[in-house]
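Participant:
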Amino acid sequence: LAYRFFFVVIVPSAFRVDTQISAHKILTTNCVLDVKNITVRMLLSYICNILKFKKWEILSLLAILIALKWFTIFTFQPNIRRSIELHKCPACFGTSACNYIHEVDIALRDVYSVFAYFFGVKNVFFGVFNGSRVILKKLAQNSELDEFDRMICEDEAFSDVCTKSIKRTDYKINANFRELVEKEIGTNPVRNNFNRLKLCPTVQRLNALLNDVYYYERDTDRKVLDVYVWVLTVLNPEPLVLQILSADKGWPVPKYFGACGRIVVEEYVGLPLTAYYNEPWLRRAKLASSLLDAAYKFTYKNENFSFYLTDVSADNVAVDSADNVKFVDLESIIVVDKSTTPTGILKVKRVEKSTTWNRLQVNTEDFSCSECLAFSSTDICNHRVSDHNYYAICKVLLTLNVNNGILPGGLLHDMPADIFESYPNVRRLIQQCVHPQTPLNRIDAGIELKKLLDIIIQRRK
12 LAYRFFFVVI VPSAFRVDTQ ISAHKILTTN CVLDVKNITV RMLLSYICNI
62 LKFKKWEILS LLAILIALKW FTIFTFQPNI RRSIELHKCP ACFGTSACNY
112 IHEVDIALRD VYSVFAYFFG VKNVFFGVFN GSRVILKKLA QNSELDEFDR
162 MICEDEAFSD VCTKSIKRTD YKINANFREL VEKEIGTNPV RNNFNRLKLC
212 PTVQRLNALL NDVYYYERDT DRKVLDVYVW VLTVLNPEPL VLQILSADKG
262 WPVPKYFGAC GRIVVEEYVG LPLTAYYNEP WLRRAKLASS LLDAAYKFTY
312 KNENFSFYLT DVSADNVAVD SADNVKFVDL ESIIVVDKST TPTGILKVKR
362 VEKSTTWNRL QVNTEDFSCS ECLAFSSTDI CNHRVSDHNY YAICKVLLTL
412 NVNNGILPGG LLHDMPADIF ESYPNVRRLI QQCVHPQTPL NRIDAGIELK
462 KLLDIIIQRR K
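First residue of the sequence shown: 12, per my numbering; consecutive thereafter.
(1) Output the boundary residues of the alpha helix (DSSP H) element that contains S154.
(2) Taking 8 Å as the threshold, find out whether the region 187-200 comes into contact with the region 243-260 through three or more Cβ pairs.
(3) Looking only at its own chain, which residues have a Cβ that is under 7 Å from the Cβ of L282, when we skip the five neighbours before and after it?
(4) Going along the chain, which residues of its own chain have a beta-carbon closer than 7 Å to the beta-carbon of N369, five neighbours each way excluded?
(5) Under a Cβ-count criterion, where at least 16 other Cβ atoms within 10 Å of its own Cβ denotes burial, should P263 be classed as buried or exposed?
(6) Looking at R216 and T351, is the spacing between their C-beta atoms short of 8 Å?
(7) Identify whether I95 lies in helix, strand or coil by the three-state DSSP scheme.
(8) For C103, list the residues DSSP reports as bridge partners.
(9) Going straight from the alpha carbon of L464 to that of V437, what length do you get?
(10) Identify the continuous alpha helix (DSSP H) that holds A194 and give its terminal residues.
(11) Can you check which of these residues, D166, I95, Q254, R294, is closest to R471 by C-alpha distance?
(12) Give the straight-line distance between the Cα atoms of L251 and P212, rounded to the nearest whole angstrom.
(13) Pick out whichever of V235, D425, F104, A168 has its Cα sitting closest to the Cα of L156.
(14) When you compare only the Cα positions, how much space is there between E278 and L253?
(15) Going by beta carbon distance, what residues of the same chain come within less than 6 Å of V275, once the five residues before and after it are set aside?
(16) Using only the alpha-carbon positions, how far apart do A428 and W292 sit?
(17) Locate the alpha helix (DSSP H) running through V224, then write down its first and last residues.
(18) Excluding five sequence neighbours on each side, which residues of the same chain lie with their C-beta closer than 6 Å to the C-beta of K234?
(19) Is it true that the CB of G420 sits closer than 8 Å to the CB of L411?
(20) Under the three-state reduction of DSSP, which class applies to F431: helix, strand or coil?
(21) What are the boundary residues of the alpha helix (DSSP H) that L423 is part of?
(22) Which word fits T198, buried or exposed, when buried means at least 16 other C-beta atoms lie within 10 angstroms of its C-beta?
(23) If you draw a straight line from the C-alpha of V224 to the C-alpha of L384, how long is it?
(24) Please look up how many angstroms separate the CB atoms of Y401 and R439, rounded, as I've assumed it's under 8 Å.
(25) Relative to the alpha-carbon of L418, which residue among S343, V323, P265 has its alpha-carbon at the smallest distance?
(26) Given the structure, does V242 come close to the ligand NAD, in the sense that its CB is under 7 Å from one of the ligand's heavy atoms?
(27) Shorter than 8 Å from the beta carbon of T213 to some beta carbon of chain C?
(28) How about D3 and A186: are their beta carbons less than 8 Å apart?
(29) So what's V145 in DSSP terms, helix, strand or just coil?
(30) Could you check where the alpha helix (DSSP H) with K337 kicks off and where it finishes?
(31) Roughly how many angstroms lie between the CA atoms of T106 and F431, to the nearest whole one?
(32) Could you give the distance in angstroms between the alpha-carbon of A325 and the alpha-carbon of Q372?
(33) Would you kindly check if the distance between the Cβ of A102 and the Cβ of V238 is under 8 Å?
(34) Which residues in the same chain have their Cβ closer than 8 Å to the Cβ of I468, if we skip the five residues on either side of it in sequence?
(35) What is the DSSP secondary structure of P283, counted as helix, strand or coil?
(36) Any idea which residues DSSP pairs A329 with across the strands?
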């Protein structure tokens, strides 16, 4: 209503023409004496009239704009206490951030944060904590959270954590949530349920995978912690991944600050990759190099596990102030235990299994759908190493395909002519990373492409 009042009432009144003003008065207005055209004189006359005699209206307009700004801030400020839903613990994400989460300022101070609050898909809030920007996430839509609460209250197996029956300080947990975590994270070859976080080919080393999670929550009762982990594996395992792949250890992901009830706090990295589409080519080359470095780290950095991202998109990648890319949506990821061999997955001889396991898994493109990121989760799990991360990053973010809906021509589009003339292999290596041709495989092409981009960046500084 305030906006409507501003545009319908105030603005027209400021420029309303008084039809009873005589032509003589217009002609003798000091600030338009030299203007001969009667229409122009009338217009300038009323502008002068506003400036001379209606300053109060201009001041009123400014006051209304300021009032609208503060009205937006205070009226639409998210209710952090209600969003936390601490009373639903232990069927929540944890309590490690409860001591300071109320110090996070999540007032809606700009149009972008207002838009994210009202139209965001999964309850994402932007805030400031200790002078740094952070993101608060509920990890799911309200409808998904309501359905989850309904499920655990209707199933007797989860009666211990039903949000309607438990008391906040009375956690009597009899169900074995550790086994439930194994079932949720493990793969079922019959259902092929590779959504969310999956560990394969077996879950024998689940403790090793979650070691950092258990250490981070070492002061929490183990049974309660198992409930937290189970809830996250069902709703959204991103906080688990951010603890397994800690940003403090060099992983290209946001820092994880903790959870309180059904809110988690993460680092705000920066704008999404799409915002850099029209940046100078050398800057985009640096971002491409960072993407390829991330592909290598997710595949090889951990000697025991490889992490394969199954939901790569330009919107799921953010760029920090140093032009380093970080993956900010880690809800769907396949973890392959490289230290074991698959058993009971494929009905083949042991020798054939061993041969398959140690052979590089190569993703095959679906040429009937040039825009699709087609891959087999089962094939990834049946090999010690896959080229999936390079395939996903090159196919979705670097491909030279002009039909790419989000990044037409890829991140490295419109290469300057002098760079193309001096380094023609850039284009060839991008194509090789998307469509590998022997003898160079996709991973080798990605590694060579990163080296070449780094050389170009260094020489063109």
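All C-beta atoms in this analysis are idealised placements derived from N, C-alpha and C, irrespective of residue type, glycine included.
Facilitator: Short version:
(1) 153-165
(2) yes
(3) A329, V330
(4) R395
(5) buried
(6) yes
(7) helix
(8) In the DSSP output, where bridge partners are listed per residue, C103 has none listed.
(9) Near 8 Å, if we compare the C-alpha coordinates of V437 and L464.
(10) The sequence shown places Lys at residue 194, rather than the Ala named in the question. Taken as a continuous stretch (DSSP letters only), the alpha helix (DSSP H) holding K194 covers 188-196.
(11) Taking each of D166, I95, Q254, R294 in turn and checking the Cα distance to R471, the smallest one comes out for R294.
(12) 19 Å
(13) F104
(14) For E278 and L253, the distance between alpha carbons rounds to 11 Å.
(15) F104, K148, P250
(16) Approximately 11 Å between the Cα atoms of the pair.
(17) 222-227 is the span of the alpha helix (DSSP H), which, as asked, contains V224.
(18) I184
(19) Cβ atoms of L411 and G420: closer than 8 Å.
(20) helix
(21) Premise fails: L423 is in no alpha helix (DSSP H) and is neither H nor E.
(22) buried
(23) Going from the Cα of V224 to the Cα of L384 covers about 31 Å.
(24) Going by Cβ atoms, the distance from Y401 to R439 rounds to 15 Å, so no, they are not a contact pair.
(25) V323
(26) Ligands displayed in this structure: none; no statement on the ligand NAD is therefore possible.
(27) Of the protein chains in the structure, only one exists, and it is not chain C.
(28) The requested residue 3 is not part of the displayed model; the chain covers only 12 to 472.
(29) strand
(30) First-last for K337: 336-338, but that is the beta strand (DSSP E), not the alpha helix (DSSP H).
(31) 53 Å
(32) Distance between the alpha carbons of A325 and Q372: 25 Å.
(33) Judged by beta-carbon spacing, A102 lies within the 8 Å limit of V238, meaning their Cβ atoms are closer than that value.
(34) L293, A296, K297, S300
(35) strand
(36) P283, K337
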